[in-house]
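Engineer:
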């Protein structure tokens, strides 16, 4: 595999099965799929357990690696621990495709273990960035803690969500390219970002 990777970033699917089906149809176009939280939705007709079963089955069917992190709608019985047991699951640092990729949990209180990763997934964008400003709600819904600690991160990409209609889907701060692909999805196709990532010599060694 060369140094160039094609990454699909989607966020805030909220258990819309038609959007999961769309991802399955296009997965062969990508080397990596990143989903940044709110994969489930407590407002859906299916129970939390049924939603988890669906997601586990969907993940097991994928040929392209899928890395996820938790969002505020992914709690089942007030817990997101179920996401830690998934392949490339929540709260871990994944060594894949010659990279270190962090899946930071929604309730993270210590970001320091993830400072030295190449790509970082977290549901909340850094507060004070256009990726965190929700146009429909008219307010910043980002993370103060992440904004404060962002200069410590050495990643090239930070993939986020939560603000369904961000002021900007892409923004650069402290040399880090921040993506919030948004959650204002079309009926049969999610909002998404196609990211071409060039691995540095350090990350691919």
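Numbering (UniProt numbering), first residue to last: 1 to 205. Cβ coordinates follow ideal geometry from the N, Cα and C atoms, glycine included.
(1) Just to confirm, is the Cβ distance from residue 13 to residue 67 under 8 Å?
(2) For a quick check, are the C-beta atoms of residue 59 and residue 87 less than 8 Å apart?
(3) Run the CB neighbour count on residue 118, radius 10 Å, all protein chains shown included, and call it buried at 16 or more, exposed below.
(4) Look up residue 126 in the DSSP assignment and give the residues it is bridged to.
(5) Taking only the alpha-carbon atoms, compute the straight-line gap between residue 163 and residue 178 and give it to the nearest angstrom.
(6) Spatial neighbours of residue 141 within its chain, please: C-beta separation below 7 Å, excluding the five flanking residues on both sides.
(7) Looking only at C-alpha atoms, which of 65, 54, 41 and 101 sits nearest to residue 26?
(8) In terms of DSSP beta bridges, what is residue 106 paired with?
(9) Within 10 Å of its beta-carbon, does residue 196 have 16 or more other beta-carbons around it, so buried, or fewer, so exposed?
(10) Any chance the region 186–196 sits against the region 36–53, with 3 or more Cβ pairs inside 8 Å?
(11) Going by DSSP, what residue range makes up the beta strand (DSSP E) through residue 95?
(12) Roughly how many angstroms lie between the CA atoms of residue 49 and residue 85, to the nearest whole one?
(13) With DSSP run on the structure shown, which of helix, strand or coil describes residue 77?
(14) Per DSSP, residue 193 forms a beta bridge with which residues?
(15) Could you name the residues of the same chain whose beta carbon sits closer than 6 Å to that of residue 116, not counting the 5 residues immediately before and after it, in chain order?
(16) Give me the Cα-Cα distance between residue 172 and residue 148, rounded to the nearest whole angstrom.
(17) Indicate the three-state DSSP secondary structure (helix, strand or coil) for residue 177 in the structure shown.
(18) DSSP beta-bridge partners for residue 69?
Structural biologist: From the atom records:
(1) No, the pair does not count as a contact, with Cβ atoms beyond the cut-off.
(2) Against a cut-off of 8 Å, the Cβ pair of residue 87 and residue 59 comes out as a contact.
(3) Classification of residue 118: buried, given that the 10 Å Cβ count is 16 or more.
(4) By DSSP's assignment, residue 126 forms a beta bridge with 143.
(5) As the crow flies, the alpha-carbon of residue 163 is around 13 Å from that of residue 178.
(6) Correct list, in chain order: 132, 134, 162 and 163.
(7) Nearest C-alpha to residue 26: 65.
(8) DSSP lists no partner for residue 106.
(9) Its Cβ having fewer than 16 others within 10 Å, residue 196 is exposed.
(10) Flag = no, the region 186–196 and the region 36–53 do not touch.
(11) Secondary structure note for residue 95: its beta strand (DSSP E) is the uninterrupted segment 93–96.
(12) Taking the straight line joining both Cα atoms gives about 14 Å.
(13) Three-state DSSP puts residue 77 in coil, outside helix and strand.
(14) Answer by DSSP bridge pairing, in chain order: 9.
(15) Once the five neighbours on either side are set aside, the close Cβ partners of residue 116 are 154.
(16) Straight-line Cα distance between these residues: approximately 15 Å.
(17) Looking at residue 177 - three-state DSSP - the assignment turns out to be strand.
(18) Bridge partners of residue 69: 36.
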